[in-house]
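Heads up: the sequence shown begins at 19 in my numbering, then just goes up one per residue. In what follows, a structure is listed as structure tokens, so that the remarks can point back to it.
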Amino acid sequence: MADSIKITSLTPLEGDLHDDDQFLVVDVSNTDGDNASSTGKTSRVSFEDISAKLAGQKGDTGEKGSSGASPSFSYNSSTGVLTITT
Numbered sequence: 019m020a021d022s023i024k025i026t027s028l029t030p031l032e033g034d035l036h037d038d039d040q041f042l043v044v045d046v047s048n049t050d051g052d053n054a055s056s057t058g059k060t061s062r063v064s065f066e067d068i069s070a071k072l073a074g075q076k077g078d079t080g081e082k083g084s085s086g087a088s089p090s091f092s093y094n095s096s097t098g099v100l101t102i103t104t
């Protein structure tokens, strides 16, 4: 691979993403260390980590709601009227 290449020059991914696939990230809040400049630090993150962060944490289970009413249907064929009652 070349020493320098534009991201837009890379071949697009074909197929599905997998948990161990890697993404390139510029962390603009970190300007120290290897692969860092005044505009940010270039790092990597896995698809698995991105998925976990986007999914968030499951919240508490709420109280069970009341049961819904079962509707009844009646059709008057002479008038063409369908009546729905709950």
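Yeah, the Cβ is synthetic: ideal placement off N, Cα and C, and Gly gets one too.
- Contact between ASP38 and GLY58 does not hold, since their C-beta atoms are separated by about 24 Å, which reaches or exceeds 8 Å.
- In its chain, beyond the 5 residues on either side, no residue has a beta carbon closer than 6 Å to the beta carbon of ASP78.
- Contiguous alpha helix (DSSP H) elements confined to the stretch 61–95 occur at 65–73, taking only those with 4 or more residues.
- Taking each of THR104, GLY74, LEU72 and ALA73 in turn and checking the Cα distance to GLY86, the smallest one comes out for THR104.
- Taken through DSSP and simplified to helix, strand or coil, ILE23 comes out as coil.
- In this structure, the CA atom of SER88 is about 10 Å from the CA atom of ILE102.
- Rounded to whole angstroms, ASP67 and ASP50 show a C-alpha spacing of 22 Å.
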